[in-house]
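In our numbering, the protein residues as written are 2 to 630.
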Ligand code: PRX
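Here you go:
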């Protein structure tokens with residue numbers, strides 16, 4: 002797709018019950034947005050006051066394009082907003098976490114218990130020698146200890162880097178090396194579809210040749226025997242023996258890093274997105290309270306994994322800062338049957354449910370009889386994130402789960418943005434296919450490649466026009482990649498998405514403008530998959546594109562040129578697929594592999610994936626002037 006083109010807009014809209022707006026924290030969206038525009042820094046100053054600070058800031062924003070410093074001079078520790086203040090505010094016996102395992106096992110933590118366990122683990126990390134600024138890599142299943150350990154890092158100012166436990170050893174290795182992690186925290190196993198999956202053996206592979214790693218902390222869920230441990234390994238619970246319960250929060254500068262989170266980029270090496278303490282804490286608290294409208298009795302279930310930004314912001318930091326009850330599960334949507342998630346909503350009384358379009362489409366296919374078996378009356382908001390919520394999926398979600406009355410919040414944002422940026426605020430008309438309007442605090446536009454605003458109906462690049470507190474501050478050890486976000490169009494942050502506005506300013510996201518494929522809501526760089534393929538001895542060259550997939554949104558298709566002497570075969574297809582699975586993980590596995598003799602290239606030798614894609618989809622090849630003969 003080129004940067005500008007015309008789009009025919011869907012015009013249907015649904016009006017939510019006016020009570021939603023009347024009772025929401027945000028109130029009227031348009032008033033709130035106007036208030037923000039009148040005094041942007043005043044708006045963020047007010048929002049920052051809603052979290053706990055140790056020392057107030059001197060200046061809300063210092064903007065030295067493309068570098069922002071928010072709340073300079075201020076100091077805080079995000080865990081006091083997430084834990085300590087709730088203890089003081091009478092929420093000590095309120096449930097902070099409800100965990101549900103695949104086999105129905107359940108564990109719950111009150112705010113007091115979570116606070117205590119976080120402080121104890123924080124002291125254990127200190128005793129191991131972990132200090133402020135050290136990087137700690139997580140490769141863990143979604144169990145309460147994961148949340149405890151990551152909050153413990155934040156408590157002592159260690160920088161966490163969570164790697165999704167579905168990634169393969171090579172992907173984990175690259176992230177540990179890049180972040181120079183001192184400690185890796187893992188578990189012996191994860192559980193999925195009734196099977197146990199060894200995580201510790203993947204970590205063993207991944208830490209070969211990573212000199213920074215001093216310790217591996219293993220949470221034993223099955224029977225890890227202590228004798229098996231190498232000198233580097235520590236048992237999660239043994240570390241807690243004899244530690245103090247009290248651990249005062251480390252005083253962090255607003256601009257100190259809180260975490261690094263890797264996301265796929267257009268080169269093989271993923272980008273370590275860096276978020277800071279003050280701005281991120283402000284952004285996620287603001288959106289948890291004013292966009293998700295979290296109230297005292299809310300039970301939030303965000304089905305993402307902590308390995309993605311959605312988990313960081315809306316499983317952990319945002320909802321805990323807002324004092325909600327958070328549900329976490331180690332479940333798969335269709336195992337043991339496609340009723341499992343709906344049964345959890347019924348049983349736990351979930352009020353806010355947040356999931357991805359790929360899951361919604363899977364549920365559409367298996368049929369509405371599954372959700373219809375359960376009482377979903379507790380729900381009051383249903384959300385979506387990760388990829389475009391297509392109109393058919395919106396209609397199904399709104400009708401079958403939302404019972405034609407519960408607002409659907411399709412939220413557009415990114416690892417880099419830290420918080421919700423575009424959504425349909427509570428009470429505003431919902432338009433299927435459109436993510437909605439910029440949240441107060443954020444200015445967005447759709448522009449051409451020179452930064453000129455596109456009129457409604459004309460597609461273009463999605464940009465954010467001003468800095469915001471929870472924006473990424475840099476790419477870890479690669480500031481040049483950070484600057485690229487702000488340099489593509491001067492003064493604007495270019496998100497890498499194509500979008501279009503309608504006459505009311507609603508934004509429809511059309512997909513990526515770069516070489517990123519979104520498979521079931523997970524970003525994959527084409528270069529990342531291609532480099533995994535060419536590592537295989539049979540592969541001379543590879544090109545990868547995204548092709549439409551009914552459930553996952555997109556699937557990976559690979560074109561492969563074989564090394565002389567190798568012949569195409571089904572066996573080789575399986576071998577290459579397996580190879581990608583082992584190095585990056587199951588999410589990157591090509592759905593199909595085609596063996597070819599050549600690949601379309603520009604005269605300067607770059608592979609033209611656009612041509613492969615157009616051919617694959619029987620579309621016009623577009624401009625081929627740069628194509629080599
Ligand atoms: O292309 C957009 C898509 O996901 C990208 C960001 O991916 P990631 O950093 O992994 O964060 C995902 C969770 C916040 C975006 O550039 N995306 C995310 N949400 C939406 C979306 N596309 C359309 N509609 C959305 N609601």
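All C-beta atoms in this analysis are idealised placements derived from N, C-alpha and C, irrespective of residue type, glycine included.
query                                                                                                                      : result
CA-to-CA distance, residue 385 to residue 147, given in whole angstroms                                                    : 24 Å
CB of residue 1 within 9 Å of CB of residue 462, strictly                                                                  : What the structure shows of the chain is the stretch from 2 to 630, and residue 1 is not part of that stretch, so it cannot be assessed.
heavy atom of the ligand PRX below 8 Å from residue 436 C-beta                                                             : yes
Proximity winner among 253, 211, 142, relative to residue 198 (alpha-carbon distances)                                     : 142
Simplified DSSP assignment, three categories, for residue 97                                                               : strand
Backbone CA spacing between residue 13 and residue 424 [nearest angstrom]                                                  : 17 Å
Residue 415 classed as buried or exposed, judged by whether at least 16 other C-beta atoms fall within 10 angstroms        : buried
Alpha-carbon to alpha-carbon, residue 94 and residue 383                                                                   : 27 Å
Local Cβ density within 10 Å of residue 555, reported as buried at 16 or more and exposed below that                       : buried
Environment of residue 610 [buried if 16+ CB atoms lie within 10 Å]                                                        : buried
Proximity test, residue 414 beta-carbon vs the ligand PRX heavy atom, cut-off 8 Å                                          : yes
One or two residues paired with residue 68 in a DSSP bridge                                                                : 65
Proximity to residue 69 [Cα-Cα], best of 279, 214, 129                                                                     : 279
Rounded Cβ spacing between residue 487 and residue 66 (contact assumed at less than 8 Å)                                   : 7 Å
C-beta contact flag for residue 56 and residue 84 at 9 Å                                                                   : no
For residue 272: DSSP bridge partner residues                                                                              : 264
Per-residue DSSP class, three states only, for residue 439                                                                 : strand
Sub-9 Å separation of residue 359 and residue 558 beta-carbons                                                             : no
Neighbourhood of residue 3 by C-beta distance below 6 Å, restricted to the same chain and skipping five residues each side : Low confidence applies here, because residue 3 scores a pLDDT of 49, under 50, leaving its location unreliable and the question unanswered by this model.
Spatially closest choice to residue 120 from 206, 150, 337, by CA coordinates                                              : 150
Between the CA atoms of residue 175 and residue 586 - distance to the nearest angstrom                                     : 13 Å
Residue 513: CB within 8 Å of a non-hydrogen atom of the ligand PRX                                                        : yes
CA-to-CA distance, residue 287 to residue 89, given in whole angstroms                                                     : 21 Å
beta-carbon residue 258 near the ligand PRX non-hydrogen atom, thresh 8 Å                                                  : no
Cβ shell of residue 158 (< 6 Å), same chain only, five flanking positions each side left out                               : 133, 251, 253
heavy atom of the ligand PRX below 8 Å from residue 469 C-beta                                                             : no
Nonlocal neighbours in the same chain, by C-beta distance under 8 Å from residue 19, ignoring five residues either side    : 428
8 Å contact criterion, which residue 272 and residue 476 should meet: CB distance rounded                                  : 5 Å
Assigned exposure category for residue 82 - 16 Cβ within 10 Å defines buried                                               : buried
According to DSSP, residues forming a beta bridge with residue 197                                                         : 192
Separation of residue 577 from residue 361, as counted between CA atoms                                                    : 30 Å
Rounded C-alpha distance that separates residue 529 from residue 608                                                       : 14 Å
Heavy atom of the ligand PRX within 8 Å of residue 276 beta-carbon                                                         : no
Three-state secondary structure assigned by DSSP to residue 283                                                            : helix
Endpoints, the alpha helix (DSSP H) within which residue 35 is located                                                     : 30-39
Candidates 547, 551, 581, 539, of which the one nearest residue 568 by Cα                                                  : 539
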